[in-house]
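Q: Adding 5 to a residue's 1-based position in the sequence shown gives its number in our numbering. Next up is a structure, given as structure tokens.
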Amino acid sequence: MNLHPILLPKIDNKRPLIIAGPCSAETEKQVIITAQKLSNKGIKIFRAGTWKPRTKPGGFEGIGINGLIWLQKIQKEIGMYVATEVATHTHVIEAAKHNMDILWIGARTTANPFAVQEIANALKVIKFKGPILIKNPVNPDLELWIGAIERIYNAGIRKIGVIHRGFSSYDKKLYRNLPQWHIPIELKRRIPNLPLIADPSHIGGKRELIAPISQQAMDLNYDGLIIESHYDPDKAWSDKEQQITPDSLSYIINLLVIRDTKQTTESLTELRQQVDEIDTELLSILAKRMRISKEIGQYKKEHNMPVLQTNRYDEILEKRSEQAKEIGIEFNFLKRIFEAIHEESIRQQIEILNKTDDSLKN
Ligand code: PEP
Ligand code: MN
């Protein structure tokens with residue numbers, strides 16, 4: 006792909022490209038105050054969603070076209086570049102009418118090739134030249150992400166960037182959306198001149214995770230960050246747990262360590278990244294196992310069965326040692342792990358047994 010590096014302004018040459026602004030445009034006052042505060046901190050690109058694709062009906066689904074009028078005001082009066090999300094043909098036409106500088110395609114839309122094609126066709130009609138930023142699809146499917154990039158590219162747009170906002174998962178987790186860093190890294194390997202922007206707000210889903218995720222993105226040599234910021238985050242109409250004030254945003258950006266990429270051993274960073282991800286996976290698998298052990302404990306209690314059943318423990322160890330041999334894991338090492346897991350399962354089951362029925366209800 007013959008892509009142009011996106012020509013977006015940075016705060017300065019040392020730091021990454023920053024796009025900041027609220028999850029949703031809510032009121033004129035909210036966007037103007039937030040934009041003014043961000044601009045005072047040197048931020049040049051303002052984001053706000055005016056059509057909000059929500060997982061379930063009944064939530065705030067965006068203020069619509071009025072939001073674009075307010076964004077235009079920010080563009081004219083505060084002098085910032087403005088960016089918003091488009092998901093349909095009409096959104097593209099309205100965004101063009103209101104002279105939006107940058108458009109992005111949301112994660113739920115990227116997952117749908119019909120919707121992306123509709124957007125691509127509309128962009129072609131209005132002769133939009135970009136930049137357009139394509140978020141990763143909600144599901145961890147690199148080909149689907151690349152497919153969306155190709156559809157936009159085929160509409161004649163060369164200023165394309167991608168936003169890594171993490172991937173949905175079913176189980177309870179630390180992150181709102183699992184980062185799965187290896188997916189955008191692989192994307193960058195396949196399309197090297199594609200600007201890569203991290204969205205720590207939607208990956209983490211919590212204010213306290215913005216700084217570490219942003220730093221991680223910088224260590225992986227990302228080109229920029231898109232961060233949700235609201236002048237009064239606790240009162241935000243959507244995604245309030247992850248929005249930060251312009252002051253906090255500025256504080257976080259100033260603390261980012263931008264390493265000299267020539268000095269870092271990139272392959273080591275990538276390997277460490279994989280270790281982090283696998284450890285996170287191990288943790289969630291362990292949590293799942295403990296949950297099932299507890300269910301077994303409850304069953305044993307209800308059926309008056311003893312907690313410790315040594316024949317079952319022997320059977321587990323025997324089976325696992327055979328499996329360990331097959332995949333080349335040292336038996337003593339494996340035994341130590343399973344002893345620890347088993348010990349903890351028994352402890353939890355005994356705890357269940359000792360609980361009175363009343364305390365179980367609480
Ligand atoms: C957003 O940027 O506010 C948004 C809706 O994000 P995503 O598409 O990543 O869920
Ligand atoms: Mn949001």
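By construction, the Cβ of each residue, glycine as well, lies at the ideal position given by its N, Cα and C atoms.
1) Are the Cβ atoms of residue 112 and residue 59 separated by less than 9 Å?
2) Out of curiosity, what's the CA-to-CA distance linking residue 186 and residue 34?
3) Excluding sequence positions up to five away, which residues of its chain have a Cβ less than 7 Å from the Cβ of residue 298?
4) Tell me residue 372's beta-bridge partners as DSSP assigns them.
5) Tell me which same chain residues have a C-beta within less than 6 Å of the C-beta of residue 240, skipping the five on either side of it?
6) Pull the bridge partners of residue 51 from the DSSP assignment, please.
7) Rounded to a whole number of angstroms, what is the C-alpha to C-alpha distance between residue 225 and residue 276?
8) Rounded to the nearest angstrom, what separates residue 289 and residue 115 at their Cα positions?
9) Along the chain, which unbroken stretches of the alpha helix (DSSP H) at least 4 residues long are found entirely within the region 106-174?
10) Which residue wins for smallest C-alpha separation from residue 306, given the options 282, 359, 264?
11) Please return the same chain residues whose Cβ sits closer than 6 Å to the Cβ of residue 7, not counting the five positions on each side in sequence.
12) Indicate whether residue 72 and residue 30 have their beta-carbon atoms separated by less than 9 Å.
13) Buried or exposed: which applies to residue 141, given that a residue is buried once 16 or more other Cβ atoms fall within 10 Å of its Cβ?
14) Check whether the Cβ of residue 29 lies closer than 8 Å to any heavy atom of ligand 2, and answer yes or no.
15) Over what stretch of residues does the beta strand (DSSP E) that includes residue 201 continue unbroken?
16) Excluding the five sequence neighbours on either side, which residues of its own chain have a C-beta within less than 6 Å of the C-beta of residue 260, listed in chain order?
17) Closer than 8 Å by C-beta to residue 248: which residues in its own chain qualify, once you throw out the five before and the five after it? Chain order, please.
18) Apart from the five residues just before and just after residue 344, which ones in its own chain have a Cβ nearer than 6 Å to its Cβ?
19) Suppose only complete runs of 3+ residues qualify. What are the beta strand (DSSP E) ranges in the region 211-268, listed by chain order?
20) Could you compute how far the alpha carbon of residue 91 sits from the alpha carbon of residue 214?
21) What is the C-beta distance between residue 47 and residue 57, in whole angstroms, given that I count them as a contact (C-beta under 8 Å)?
22) Examine ligand 2 and report whether any of its heavy atoms sits within less than 8 Å of the Cβ of residue 246.
23) Residue 183 and residue 192: beta carbons closer than 9 Å?
24) Give me the residue from 70, 86, 117 with the minimum Cα distance to residue 95.
25) Alpha carbon to alpha carbon, how far is residue 154 from residue 38?
26) May I have the straight-line CA-CA distance separating residue 25 from residue 75, to the nearest angstrom?
A: Looking at the atomic coordinates:
1) no
2) 37 Å
3) 350, 353, 354
4) Outside the displayed span of the chain (6 to 367) sits residue 372, for which this structure offers no information.
5) none
6) In the DSSP output, where bridge partners are listed per residue, residue 51 has 25, 87.
7) Cα-Cα distance, rounded: 11 Å.
8) 28 Å
9) 112-115, 118-130, 147-159
10) 359
11) none
12) yes
13) buried
14) yes
15) In the DSSP assignment, residue 201 falls within the beta strand (DSSP E) that extends over 201-203.
16) none
17) 27, 28, 206, 212, 233, 234, 235, 238, 241
18) Beyond the five residues adjoining it in sequence on each side, residue 344 comes within less than 6 Å, by CB distance, of no other residue in the same chain.
19) DSSP runs (the beta strand (DSSP E)) wholly in the region 211-268: 229-233.
20) Each residue's Cα considered, the two are about 27 Å apart.
21) The Cβ separation is near 28 Å, so there is no contact.
22) no
23) no
24) 70
25) 34 Å
26) 16 Å
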